[in-house]
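Encoded as structure tokens, the structure appears first; notes follow it.
Residue numbers (UniProt numbering): 1 to 480.
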């Protein structure tokens, strides 16, 4: 009888427990520990009771927000459902607001401190901090800290979308910018030729990118620059900062240059890094006289369905859009050198991204992680991932947010930022869009990059220079 009871209990535990996905499994390893810090600026004072009630009605419906991570004897990590008291996860720090001289600096320091604090793995891996402090861009601030094993940027943005409502229509969910599809030609013969040629390009490009990835794992490391961290397993404290820029400026460049928003953001990043390195380097770096190998790992969403309806329904059972960490990475070579024509940075970004878009590199590398973990275990995958991130300089990603003003649990938002903190790289750059803004988010290892605000200034100034060049190009087109 006792054996029967034990078996029944074991079966019940097995059905209740859910294994972590391959990528989520990596994030719980000590050497790849990573958290996401989400900062929300509100236009009104924050009501803790409304936040608690809202989270209870939305976030807690997701099993991962009411589960803890537990390591089994076989070394596998699983989600274990637990009872959650939301009040324990919504934190209101006891602060003397009258003595805070610089609220913007205080929020930066606060976000950095909670990002660097290790999470308690014995309970659900999330917390939300409420600060009723007025900054230059908000009347109060909410800071969420979520372990990266809970989900990737697309998952967490879907959670924000599902939890929000339009300010203009409190019962309606938010909307994002739809991706436009270009109509193809109806000529069957030409269609077949183009399809065949595209297939050849996909195969050739994928093989080339996988070969470069293999070289990166084996020995190919980026040039030592003031942005490159030292090799090793040490996870150092991060400084999290952000800066708000105009989405309209980025769109103007996009339309003038006939490219995508991501191309402009990558071009701006290349120009900003070149500007920063030219100031920091005493030799020929970033002047064009010395070739610099500087690469970034770019996160790629692998979900086929990313319409607004799919995102807002991702939290529901049976959703077409997968929740969790369903991303691949590509290694992106950055054009870092002094250019007389600022538009060359965005041209180079578009050229490289066009190749990456037709490559199957991200999907194949996701499969590599998945099946290597099954066959050889987590340690083998951990070593591969560490070598990739250790041999490259930075991580880059961008997430599209609401295009209209939204409120979260009755609190109208003025901006939203998100950044990841962890891993061996000294620099992580995230871009998040919200209404007519794009927020630049940097997570920086200050032992390598002691002046992150200067780097942020160089990114913003580079965008202004590219914008002026694009305006001149647009005027020249009109004159011609």
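Beta carbons: idealized from backbone N, C-alpha and C, even for Gly. Predicted model, so just to flag it, every value in this text is computed and none were measured.
To which residues of the same chain is residue i closer than 7 Å at the C-beta, ignoring the five residues directly before and after it?
| i | result |
| --- | --- |
| residue 389 | 297, 423, 424, 425 |
| residue 329 | 297, 298, 299, 300, 362, 365 |
| residue 459 | 268, 269, 272, 440 |
| residue 111 | 37, 39, 143, 240 |
| residue 249 | 463, 467 |
| residue 397 | 153, 298, 299, 430 |
| residue 72 | 78 |
| residue 433 | 247, 400, 401 |
| residue 19 | 76, 78 |
Thinking C-alpha only, which one of the options is nearest residue i?
| i | options | result |
| --- | --- | --- |
| residue 141 | 121, 51, 198 | 51 |
| residue 104 | 381, 244, 338, 214 | 244 |
| residue 274 | 461, 61, 28 | 461 |
| residue 429 | 136, 172, 295 | 295 |
| residue 368 | 380, 357, 358 | 380 |
| residue 151 | 417, 196, 22, 415 | 22 |
| residue 125 | 146, 113, 162, 230 | 146 |
| residue 416 | 438, 238, 427 | 438 |
| residue 337 | 383, 281, 353, 356 | 281 |
| residue 242 | 474, 30, 444 | 444 |
| residue 456 | 427, 340, 471 | 427 |
I'd like the list of long-range same chain contacts for residue i, defined as Cβ closer than 6 Å, with 5 residues on each side in sequence excluded.
| i | result |
| --- | --- |
| residue 11 | The predicted position of residue 11 is uncertain, since its pLDDT is 37 and thus under 50; no value can be drawn from it. |
| residue 469 | 342, 343 |
| residue 27 | 34, 148, 149 |
| residue 180 | Residue placement at residue 180 is poorly supported in this model, since its pLDDT is 47, which falls under 50; the coordinates still yield a value, given next. Within the same chain, residue 180 has no close Cβ partners at all. |
| residue 59 | 65 |
| residue 129 | 91, 143 |
Tell me which residues share the same chain as residue i and place their Cβ nearer than 8 Å to its Cβ, disregarding the 5 neighbours each side in the sequence.
| i | result |
| --- | --- |
| residue 404 | 166, 167, 168, 174, 175, 435 |
Looking at residue i: is its Cβ nearer than 9 Å to the Cβ of residue j?
| i | j | result |
| --- | --- | --- |
| residue 292 | residue 225 | yes |
| residue 259 | residue 350 | yes |
| residue 154 | residue 326 | yes |
| residue 386 | residue 32 | yes |
| residue 193 | residue 358 | no |
| residue 121 | residue 79 | no |
| residue 419 | residue 237 | no |
| residue 208 | residue 391 | no |
| residue 89 | residue 133 | no |
| residue 393 | residue 442 | no |
| residue 131 | residue 95 | yes |
| residue 82 | residue 123 | yes |
Pull up the DSSP beta-bridge partners for residue i, would you.
| i | result |
| --- | --- |
| residue 296 | 332, 394 |
| residue 327 | 301 |
| residue 456 | Looking at the DSSP assignment, residue 456 forms no beta bridge with any residue, so it has no partner. |
| residue 439 | 244, 432 |
| residue 152 | According to DSSP, which records beta bridges pairwise, residue 152 is partnered with nothing at all. |
| residue 485 | Residue 485 falls outside the range modelled here, since the chain spans only 1 to 480, and no answer is possible. |
| residue 131 | 141 |
| residue 126 | 146 |
| residue 71 | 77 |
| residue 39 | 143, 417 |
| residue 238 | 445 |
| residue 19 | 78 |
Problem set entry | Any 3 or more C-beta pairs closer than 8 Å across the region 374 to 387 and the region 399 to 411 | no
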